[in-house]
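In this note's numbering, the protein residues as written are 525 to 869. All remarks here apply to the structure that follows.
Set out below in structure tokens:
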């Protein structure tokens, strides 16, 4: 198939998808479904990731009065035809092998279960989060911002998963935006502690996407080939503390502002930079994460660029509260409008 033919097929798939749907104005641009959460006979606890983090974030937001439960947008599950917009058929077929899934999510016992169970208990929650990431761009274009309380699977590329990332939701989100929203320039701001090698590979030869990746070079994935695809690489070594981190971020955003003029920002807001996180190895305070998110949203607001936030990595039980507190701060700073007064029920 020629590249032109492939693009036509991709475009047709996107235009026939049900993942973009009209959202009532009564809803707040916070996207979440209870089907995001992974529960697999307790086996999910063998991975340091809190597989119920996403639900706990929303519980905290509701309890704080930031949003009401009935205001949350529930996305649709990404189906095979949606995933084929980016993923190869051979990669998606490889997920029918439970051993391959077990390697991607780094939970070896999953390999022992038949695919029908793995598909329902593991793959389906990820596909629902992908649907949320894709929808978030549409919502952000109309409302100025959107937060998918999930997604951010930045280690997955079109042909390969890994690092607890099964589907390339960032790549999918952007390709849907190119077609459905008729935009031609996107900036990825990836502030997860790990390098976002998945989207970097996918957009390595695509000038429509500018990547700012601020990561710890001393930890997974050590993908030196993908690093060459980063437009703006900012390295923060193990032990980096809040003040130095925020200073580097401010400098990076200043450079980005004069380097590229995007029509959409996709912000990968991993909380694995938190002090004590066993995989990120940085020493950023909870307040520092709130200030980080605030800086990124102010950057987008000042330039009137719609922003999509994805929650990505974070391997401590405290991550859910940190995310919720940061979203509450964005509301208090009037950087997002949730239609309520945080702290009041």
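Ideal Cβ placement from N, Cα and C applies to all residues, glycine included.
Sixteen is the threshold: when 16 or more other Cβ atoms of the shown chains lie within 10 Å of the Cβ of residue 647, as they do, the residue is buried. Beta-bridge pairing by DSSP links residue 737 to 714, 757.
Its Cα nearest to that of residue 753, the residue 720 stands out among 741, 745, 720, 769. Nearest to residue 665 by alpha-carbon distance, out of 637, 639, 789, is 789. Residues of the same chain with a CB within less than 8 Å of the CB of residue 682, apart from the 5 flanking positions on each side, are 610, 611, 612, 615, 692, 695, 725, 726 in chain order. Nearest neighbour of residue 779 by Cα position, chosen from 734, 722, 631, 761, turns out to be 734. Listed as beta-bridge partners of residue 807 by DSSP are 765. Per DSSP, residue 670 is one residue of the beta strand (DSSP E) stretching across 669 to 672. For the pair residue 834 and residue 784, the CB atoms are not nearer than the 8 Å cut-off. Per DSSP, residue 788 is one residue of the beta strand (DSSP E) stretching across 788 to 792. Out of 838, 641, 817, 846, the CA that lies nearest to the CA of residue 832 is found in 817. Residue 600 counts as buried, since at least 16 other C-beta atoms from the protein chains shown sit within 10 angstroms of its C-beta.
Beta-carbon to beta-carbon, residue 806 and residue 769 are separated by about 7 Å, close enough to satisfy the 8 Å threshold.
By a beta-carbon distance limit of 8 Å, residue 840 does not contact residue 812. Their separation comes to about 14 Å.
Residue 798 carries a strand assignment under DSSP once its states are collapsed to helix, strand and coil. Residue 538 carries a helical assignment under DSSP once its states are collapsed to helix, strand and coil. One thing to note: residue 777 has its Cβ no nearer than 8 Å to the Cβ of residue 739.
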